[in-house]
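Participant: Numbering-wise (the numbering used here), the sequence shown opens with residue 129 and increments by one.
Beta carbons are placed, not taken as given, at the ideal position from N, Cα and C, and that holds for glycine.
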Amino acid sequence: MRKILIPLSLVVLVFFYLPSCLTVESSNFLKNMGESLSGGSASSGLTEGRIIEGLKEALRIGTENAVNSLSLEGGFLNTPEIKIPLPGPLKKIEENARKVGLGFYFDSFEKSINTAAEKATPHAKKIVFNAVKEMTFSDAKKILYGRDNEASLYFKEKSFNELMNIFKPEVHSVMANTGVTKKYQEIETRVRNFPFIEALPLNFDLDKYVAENALNGIFYMIEKEEKKIRENPAARVTELLRDVFGRR
């Protein structure tokens, strides 16, 4: 068998130079070089910039679609996966309350908190878009080659607290203007007339409850839109999306 002789100078060069250049670019270079030496396939031809652009476009489109659908009447209420249920304190007394004819108030309240979420949802778009702008190559690569819900996990990590800070006051305002808070107070007053029904807690944070559930619904829908782009070529509505996701 014929031996391949490697010059000592090349070995020394690689030994001393390699540790200092293990950046994203050099890692890709080494990967491609390894494929070439082993007879593997060539590089996909996607640059780092192209990958980031593709991911950002996919997430912008996914966010736009998710927010638009959830902002419609019934966006939350008519979607079982994200419909906001009665909060724990109300759920706990619901059965007994319905026995004494208070079911209407509970149904009306549940509808009103979902309507409030629908009206507050458009305020999420700007914050999510800002999270997209801040995405690094490392983030983009993790999303591209990660789990189907990788993007929604990224948003939860990067923007959940910021969204809550903005969302909660918006939810409070919407609930005050649409009578949600009043409906809750009305239930609170009516159940006091029935000693066998447990009183509602005085310190329950209704704003936080609705805001958190609304955000979870938004992220769930972004996840669904992201999955469409990954799995369905028809959902890749731009050349950039087809280029990036078609080569995964």
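For Gly167, which three-state DSSP category applies?
Facilitator: Counting from 1 along the sequence shown, the entry for residue 167 is found at position 39. A caution first: Gly167 carries a pLDDT of 33, below 50, which makes its placement in the model unreliable, though a value can still be read off. Gly167: coil per DSSP, three-state reduction.
Participant: Which class does Val308 belong to by DSSP, given the choice of helix, strand or coil?
Facilitator: Residue numbering aside, residue 308 sits at position 180 when the sequence shown is read from its first letter. Val308: helix per DSSP, three-state reduction.
Participant: Enumerated in chain order, which unbroken segments of the alpha helix (DSSP H) with a length of 4 residues or greater are wholly contained in the region 219-301?
Facilitator: 231-248, 252-261, 265-273
Participant: Given that a residue counts as buried once 16 or more other Cβ atoms are within 10 Å of its Cβ, and exposed if not, what is Asn305?
Facilitator: Taking the sequence shown and counting its residues from 1, one reaches residue 305 at position 177. Asn305 is exposed by the Cβ-count criterion.
Participant: Could you pull out every residue in the same chain whose Cβ sits closer than 7 Å to the Cβ of Glu367, ignoring the five residues on either side in sequence?
Facilitator: Locating residue 367 in the sequence shown gives position 239, counting from the first residue. For Glu367, where only same-chain residues beyond five positions count, there are no Cβ hits under 7 Å.
Participant: Residues in the same chain with beta-carbon distance under 6 Å from Glu316, minus the five sequence neighbours each way, listed in chain order, please.
Facilitator: Residue mapping note: residue 316 aligns to position 188 of the sequence shown, counting from 1. Result list for Glu316: Leu328, in chain order.
Participant: What residue does the alpha helix (DSSP H) around Val195 start on, and which one ends it?
Facilitator: As a position in the sequence shown, residue 195 is number 67, starting the count at 1. Per DSSP, Val195 belongs to the alpha helix (DSSP H) from 176-198.
Participant: Can you give me the start and stop residues for the alpha helix (DSSP H) that Phe322 sits inside?
Facilitator: To locate residue 322, count along the sequence shown from 1; it is residue 194. No alpha helix (DSSP H) holds Phe322; DSSP gives it neither H nor E.
Participant: Grab the span of the alpha helix (DSSP H) containing Ala363 for me, first residue to last.
Facilitator: Counting from one through the sequence shown, the residue named residue 363 turns up at place 235. Per DSSP, Ala363 belongs to no alpha helix (DSSP H) and is neither H nor E.
Participant: Pick out whichever of Ser197, Glu222, Ala194, Ala186 has its Cα sitting closest to the Cα of Ala362.
Facilitator: On the sequence shown, residue 362 is found 234 positions in, with the first residue counted as 1. For the options Ser197, Glu222, Ala194, Ala186, the alpha carbon positioned closest to that of Ala362 is the one of Ala186.
Participant: Which value, in whole angstroms, describes the spacing of the CA atoms of Ser280 and Glu223?
Facilitator: For this step, residue 280 is matched to residue 152 along the sequence shown. For this step, residue 223 is matched to residue 95 along the sequence shown. Each residue's Cα considered, the two are about 36 Å apart.
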